[in-house]
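A.B. asks: Take this structure, written in structure tokens, and hold onto it; I'll ask about it next.
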Amino acid sequence: MKYHLRCALALGVLLAALILPADAAGRVNLTPDNGYTADYGIELPFTPSPRTADYTFEVFRGENTSQPPLVRAQASLSGGGTRTLYLPLAFDLEHAERYTIRVTAQPDARRAGLDTEDSRTFPYTTQYCGGRHTEAQGGYLLGDGSAGNPYVIQNAKQLSHVWEHPGSYFRQNADIDLSSWGNWTPIDVDGINYDGCGHYVWNLTSTGHSSGNALFGNLTNSTLRRFGVNTFTCTGGEYDAGLIRAASNVTLDQCLAANGTTRANVCSGGLFATAVGVTVRDSFSSSCSIYAKTANAGGLSGNFTGSLARCYAINTVAGEDSLGGISGHGTYASAFQNVYWETGHGAGSAVQEWWSGDSPSSVIWNYNPPGTFAKPAAEMTVQSTYQGFAFANVTDPYNPAKPWVWEPNQNHPLLHIFYRPEELG
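When you line the sequence shown up against this note's numbering, it's residues 165 to 589, in that order.
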């Protein structure tokens with residue numbers, strides 16, 4: 165006697181598990197065979213049969229179930245009522261794809277000879293969840309923009325329209341190469357929380373925008389963490405930088421801008437062109453050529469008001485006026501803790517023009533605020549120079565409490581979240 169498996173699969177529902185806890189209330193987590201893992205997957209509402217507790221779940225690409233499954237998991241599910249099953253599945257985060265889900269019920273051992281195995285198949289197509297954007301426009305395939313389920317950024321098109329989702333959370337899931345994008349328009353956005361998860365944006369070119377050039381334009385009330393811009397050209401504006409043109413009330417945590425060129429009229433820097441009311445922790449800019457024609461070129465920022473802790477800059481700065489190893493211009497409303505910059509690259513002080521009060525008449529030239537340290541190249545290549553930096557071993561699991569590692573081949577600290585030995589040769 166063949167029994168009929170009673171099941172209900174929500175075929176149009178796709179939820180993320182990137183941030184969701186493994187023991188999310190009401191969810192049964194399936195463990196795939198052969199050690200298969202993924203950072204995200206699918207959720208399936210399922211009602212077990214009253215005649216058995218043993219099931220096998222398989223996912224196939226397309227409609228061909230004769231091929232080996234992408235994922236296979238077995239589970240024992242007893243009792244009545246529908247519950248939500250979570251199955252890891254590394255589906256494509258750039259393009260919608262069709263899958264087939266096969267559920268097989270195995271007979272209860274106590275009913276041997278009475279019941280036989282039965283299977284059902286169900287089509288499943290991943291869907292865009294990021295609002296009105298199509299695949300061609302870079303629609304999001306994972307997340308809902310909330311803190312627990314951020315939109316997942318996988319490519320340049322998905323990155324380019326974060327400005328249309330103010331107040332949202334984002335998570336970058338892969339490096340993004342902009343070499344074929346062309347001239348990037350800086351992203352103006354308010355109130356985002358962006359976690360790069362140790363991934364870069366590579367080969368950024370942003371030129372000729374009169375207000376300024378960078379990956380982000382006017383960024384306000386936002387947080388960027390574990391995120392980097394590597395290899396960039398940002399030139400031809402009033403304000404140019406690698407990461408952010410103009411930041412206000414922004415927090416940077418474990419961020420970097422490296423191997424770039426900026427050429428601005430007024431303000432130019434590695435991380436920021438101009439920054440007001442920002443908090444920067446465990447971040448750096450290195451191997452950049454920074455130029456401001458009129459004034460305000462700095463290793464980290466052209467103009468800076470805020471706080472810096474455990475940061476460093478190894479950049480060349482040039483221009484007619486206000487050249488700083490950290491920032492060309494700064495104000496007394498700033499605080500520095502263990503901030504290092506390498507001498508011999510055009511700057512004579514951490515901040516050349518420093519306002520000690522609220523008016524230009526309070527200016528102090530060639531100022532080194534407490535907490536900043538000028539070091540020659542020979543000392544910048546020594547780990548002990550970087551007092552206050554929390555270092556982990558490169559082989560240790562990533563620990564946000566110890567964000568730095570030391571790789572001698574690089575001759576300066578690296579952020580552990582970005583550490584990739586294969587890129588170091």
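Don't be surprised by glycine CBs; every beta carbon is placed ideally from N, CA and C.
Using CA coordinates, which residue listed in 315, 337, 338, 320 is at the minimum distance from residue 329?
C.D. replies: That would be 315, whose Cα lies nearest to the Cα of residue 329.
A.B. asks: Could you please give me the residues that DSSP links to residue 501 through a beta bridge?
C.D. replies: BP columns for residue 501 point to 473.
A.B. asks: Residue 452 and residue 424 - do their beta-carbons sit closer together than 8 angstroms?
C.D. replies: Yes, Cβ-Cβ distance for residue 424 and residue 452 is below 8 angstroms.
A.B. asks: By the 10 Å Cβ neighbour count, where 16 or more other Cβ atoms means buried, how is residue 546 classified, buried or exposed?
C.D. replies: That one is exposed.
A.B. asks: Using alpha carbons as the reference points, say which of 537, 525, 572, 529 lies closest to residue 551.
C.D. replies: Comparing Cα positions, the closest option is 537.
A.B. asks: Give me the DSSP bridge partner(s) of residue 539.
C.D. replies: Bridge partners of residue 539: 506.
A.B. asks: Note the first and the last residue of the continuous beta strand (DSSP E) segment covering residue 579.
C.D. replies: From DSSP, the beta strand (DSSP E) with residue 579 extends over 576-579.
A.B. asks: Taking only three categories from DSSP, how would you classify residue 353?
C.D. replies: Three-state DSSP puts residue 353 in a strand.
A.B. asks: So if DSSP puts residue 282 in a beta bridge, which residue, or which two residues, is it bridged to?
C.D. replies: DSSP, once it has assigned bridges, lists 269 as partnering residue 282.
A.B. asks: Could you give the distance in angstroms between the alpha-carbon of residue 372 and the alpha-carbon of residue 396?
C.D. replies: Spanning the two alpha carbons is a distance of roughly 14 angstroms.
A.B. asks: Starting from the C-beta of residue 500, find all residues in its chain whose C-beta is less than 7 angstroms away, skip the five residues before and the five after it, and write them out in chain order.
C.D. replies: Only 472, 533, 534, 535, 536 meet the Cβ criterion.
A.B. asks: Any idea if residue 259 is buried or exposed, counting beta-carbon neighbours within 10 angstroms, 16 or more meaning buried?
C.D. replies: Burial call: exposed.
A.B. asks: With a CB to CB cut of under 7 angstroms and the five nearest residues on each side skipped, what residues in its chain are close to residue 558?
C.D. replies: Within the same chain, residue 558 has close Cβ partners 569, 571, 583.
A.B. asks: What number of angstroms, rounded off, separates the C-alpha of residue 327 from the C-alpha of residue 481?
C.D. replies: Their backbone Cα atoms lie some 31 angstroms apart in a straight line.
A.B. asks: Which residue from 313, 211, 220 puts its Cα closest to that of residue 244?
C.D. replies: The residue with the shortest Cα to Cα distance from residue 244 is 211.
A.B. asks: Please go through the same chain and pick out, in chain order, the residues whose beta-carbon is closer than 6 angstroms to the beta-carbon of residue 358, but skip the five residues on each side of it.
C.D. replies: So the qualifying residues of the chain are 334, 388.
A.B. asks: Three-state secondary structure (DSSP) at residue 341?
C.D. replies: In this structure, residue 341 counts as strand in the three-state DSSP scheme.
A.B. asks: What residue ranges within the segment 384-441 form continuous alpha helix (DSSP H) runs of no fewer than 4 residues, ordered along the chain?
C.D. replies: Complete alpha helix (DSSP H) runs here, min 4: none at all.
A.B. asks: For residue 430 and residue 360, I'd like the C-alpha separation in whole angstroms.
C.D. replies: So the alpha carbons of these two residues sit roughly 29 angstroms apart.
A.B. asks: What residue does the alpha helix (DSSP H) around residue 239 start on, and which one ends it?
C.D. replies: Looking at the DSSP string, residue 239 is not in any alpha helix (DSSP H); the run it does join, the beta strand (DSSP E), is 235-240.
A.B. asks: What is the residue span of the beta strand (DSSP E) that residue 322 lies within?
C.D. replies: No beta strand (DSSP E) contains residue 322, which is instead part of the alpha helix (DSSP H) from 320-324.
A.B. asks: From the DSSP secondary-structure annotation, give me the bridge partner or partners of residue 515.
C.D. replies: According to DSSP, which records beta bridges pairwise, residue 515 is partnered with 491, 531.
A.B. asks: Mapping the DSSP letters down to three states, classify residue 221 as helix, strand or coil.
C.D. replies: Strand, per DSSP.
A.B. asks: Suppose the cutoff is 6 angstroms on Cβ atoms and the five residues either side in sequence are ignored; what does the same chain contact list for residue 354 look like?
C.D. replies: If we look at residue 354 and ignore the five residues flanking it on each side, its Cβ neighbours are 330, 384, 385.
A.B. asks: Under a Cβ-count criterion, where at least 16 other Cβ atoms within 10 Å of its own Cβ denotes burial, should residue 646 be classed as buried or exposed?
C.D. replies: This structure cannot settle anything about residue 646, because the visible part of the chain is limited to 165 through 589.
A.B. asks: With 16 other CB atoms within 10 Å as the buried threshold, where does residue 519 fall?
C.D. replies: Residue 519 comes out buried.
A.B. asks: Which residues in the same chain have their Cβ closer than 6 angstroms to the Cβ of residue 421, if we skip the five residues on either side of it in sequence?
C.D. replies: Excluding residues within five positions, the ones whose Cβ falls inside 6 angstroms are 393, 406, 407, 434, 435, 449.
A.B. asks: If I measure Cβ to Cβ from residue 510 and keep anything under 7 angstroms in the same chain, skipping five residues before and after, which residues do I get?
C.D. replies: Excluding positions up to five away in sequence, the list reads 480, 481, 482, 487.
A.B. asks: Just grab the DSSP bridge partners of residue 368 for me.
C.D. replies: DSSP, once it has assigned bridges, lists 396 as partnering residue 368.
A.B. asks: Just checking my contact of residue 200 with residue 252 at CB under 8 angstroms: how many whole Å lie between their CB atoms?
C.D. replies: Yes, they are in contact, since the Cβ atoms of residue 200 and residue 252 sit about 7 angstroms apart, within 8 angstroms.
A.B. asks: Find the nearest neighbour of residue 377 within the set 336, 414, 363, 427, judged by alpha-carbon distance.
C.D. replies: Residue 427 is the option with its Cα nearest to residue 377.
A.B. asks: Out of 223, 281, 218, which one is the CA nearest neighbour of residue 235?
C.D. replies: Minimum Cα distance to residue 235 is reached at 223.
A.B. asks: Mind checking whether residue 391 and residue 301 have CB atoms under 8 angstroms apart?
C.D. replies: Their beta carbons are not under 8 angstroms apart, which means residue 391 does not touch residue 301 by this criterion.
A.B. asks: Quick check: the Cα distance between residue 254 and residue 203, rounded to an integer number of angstroms?
C.D. replies: So the alpha carbons of these two residues sit roughly 7 angstroms apart.
A.B. asks: When the Cα of residue 503 is compared with those of 362, 348, 446, which residue comes out closest?
C.D. replies: Of 362, 348, 446, the residue nearest in Cα terms is 446.
A.B. asks: Taking only the alpha-carbon atoms, compute the straight-line gap between residue 242 and residue 228 and give it to the nearest angstrom.
C.D. replies: Cα-Cα distance, rounded: 30 angstroms.
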